[in-house]
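Just below is one structure, and these are the notes that go with it.
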Amino acid sequence: MSTPAPVKTTEPIERLVVFRHPLISHKLAALRDARTGHRPFRALMSQIAGLMVYEVTRSFETTPVTVQTPMGPAPCARIERPVTVVPVLRAGLGMTDGVLELMPEARVGHLGLVRDERTLLPTTYLKKLPKDLDAGPVILIDPMLATGGSAVEAARILREAGAVDLRMICLVAAPEGVRRLTEADPGLTIYTAALDERTNEKGYILPGLGDAGDRLYGTG
Ligand code: PRP
Ligand code: URA
Numbered sequence: 061m062s063t064p065a066p067v068k069t070t071e072p073i074e075r076l077v078v079f080r081h082p083l084i085s086h087k088l089a090a091l092r093d094a095r096t097g098h099r100p101f102r103a104l105m106s107q108i109a110g111l112m113v114y115e116v117t118r119s120f121e122t123t124p125v126t127v128q129t130p131m132g133p134a135p136c137a138r139i140e141r142p143v144t145v146v147p148v149l150r151a152g153l154g155m156t157d158g159v160l161e162l163m164p165e166a167r168v169g170h171l172g173l174v175r176d177e178r179t180l181l182p183t184t185y186l187k188k189l190p191k192d193l194d195a196g197p198v199i200l201i202d203p204m205l206a207t208g209g210s211a212v213e214a215a216r217i218l219r220e221a222g223a224v225d226l227r228m229i230c231l232v233a234a235p236e237g238v239r240r241l242t243e244a245d246p247g248l249t250i251y252t253a254a255l256d257e258r259t260n261e262k263g264y265i266l267p268g269l270g271d272a273g274d275r276l277y278g279t280g
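For what it's worth, the numbering used here labels the leading residue of the sequence shown as 61, then goes sequentially.
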């Protein structure tokens, strides 16, 4: 019997999705709070990422399958194509467990990028990716989209490595970062829990949440 063709979703794909959900807003308020220590910060970041997965995967292709329930055959659907999540170190790691909780079969690539504090230019220090990135959706994970330099570089690396269906999840984005990333990669969809006002002269998002990596790991 031939394999049924995957079903493409009819959902329109937008290029920027800003979440408006009471639970995400509530948790984001606690995450932003300067009094929140690294332990609850870590838990909140992971929980928000998990909540975002539902929307990020809405347009994934599914394949019709028949499953035998105790009562007989049931028409069902499965995500057959391999999903790859790619956290940007360090801060992206804080969202990864929350994403994997919902998609435990996903493969995990790693990108290590760090911004020079003066020039704000990113340097890549680690790249470990599956070979066949074109086999399914790729989700780039980084909580902060500030000037956009890191995300543009990460997206470039992933496209060069074969990513076709590319999405990015972040927690807080600045308009300049969104603009820069959508101009550099018009095919990528950005999902963010909040769209803030701007970045300051040091490239920090205002009001943002401070340095995500430092707050996550208590290194500030
Ligand atoms: C942060 C953040 C992004 C980047 C965003 O990482 O996690 O990767 O800055 O800034 P941009 O949009 O202006 O490029 P950082 O370089 O501080 O590294 P870290 O996570 O290791 O602290
Ligand atoms: N990176 C962070 O961690 N926070 C910002 O506000 C900007 C970049």
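Just so it is clear, CB atoms sit at the ideal spot from N, CA and C, and this is done for glycine as well. Quick caveat: nothing in here was measured; it's all calculated off a predicted structure.
- [ ] With a threshold of 16 other CB atoms inside 10 Å of the CB of Gln-128, please say whether the residue is buried or exposed.
- [x] The residue labelled residue 128 in the question sits at position 68 within the sequence shown. Burial call: exposed.
Task: C-beta atoms of Leu-149 and Leu-181 nearer than 9 Å - done: As a position in the sequence shown, residue 149 is number 89, starting the count at 1. As a position in the sequence shown, residue 181 is number 121, starting the count at 1. No, Cβ-Cβ distance for Leu-149 and Leu-181 is not below 9 Å.
TODO: For Leu-205, write down the residues that DSSP places opposite it in a beta bridge.
DONE: The residue you call residue 205 lines up with position 145 of the sequence shown. DSSP, once it has assigned bridges, lists Ala-233 as partnering Leu-205.
- [ ] Could you tell me which of Gly-278, Lys-262 and Ala-254 sits nearest to Leu-5, measuring between CA atoms?
- [x] Nothing about residue 5 can be read from this structure; the chain reaches only from 61 to 280.
Task: Backbone CA spacing between Pro-130 and Leu-189 [nearest angstrom] - done: Mapped onto the sequence shown, residue 130 falls at position 70. Mapped onto the sequence shown, residue 189 falls at position 129. Rounded to the nearest angstrom, the two C-alpha atoms are 40 Å apart.
Open item on the list: Checking 9 Å against the spacing of the C-beta atoms, do Pro-203 and Val-143 come in under that value?
Closed with: In the sequence shown, residue 203 corresponds to position 143, counting from 1. In the sequence shown, residue 143 corresponds to position 83, counting from 1. No, these two residues do not count as a Cβ contact at 9 Å.
- [ ] Report the three-state DSSP secondary structure of Tyr-114 (helix, strand or coil).
- [x] Position 54 of the sequence shown, counting from 1, holds the residue named residue 114. Reduced to three states, the DSSP call for Tyr-114 is helix.
Task: Inside the segment 173-206 only - beta strand (DSSP E) runs reaching at least 3 residues - done: Runs of beta strand (DSSP E) with 3 or more residues, each lying fully within the segment 173-206, are found at 182-188 and 198-201, listed in chain order.
TODO: Could you work out which residue in Arg-167, Tyr-264, Ala-94 and Val-78 is closest to Asp-176 when comparing CA atoms only?
DONE: Position 116 of the sequence shown, counting from 1, holds the residue named residue 176. Nearest option by C-alpha distance: Tyr-264.
Open item on the list: Considering only their Cβ atoms, is the gap separating Leu-193 from Met-228 smaller than 9 Å?
Closed with: In the sequence shown, the residue the question calls residue 228 occupies position 168. In the sequence shown, the residue the question calls residue 193 occupies position 133. Taking 9 Å as the cut-off, the beta carbon of Met-228 is found no closer than this to the beta carbon of Leu-193.
- [ ] Between the Cα of Gly-208 and those of Val-232, Asp-225 and Arg-219, spot the shortest distance and give me the residue it belongs to.
- [x] The residue given as residue 208 occupies position 148 in the sequence shown. Checking every option, the nearest Cα to that of Gly-208 belongs to Val-232.
Open item on the list: Once DSSP output is grouped into helix, strand and coil, what is the label at Ala-254?
Closed with: The residue labelled residue 254 in the question sits at position 194 within the sequence shown. If DSSP states are grouped into helix, strand and coil, Ala-254 belongs with the strands.
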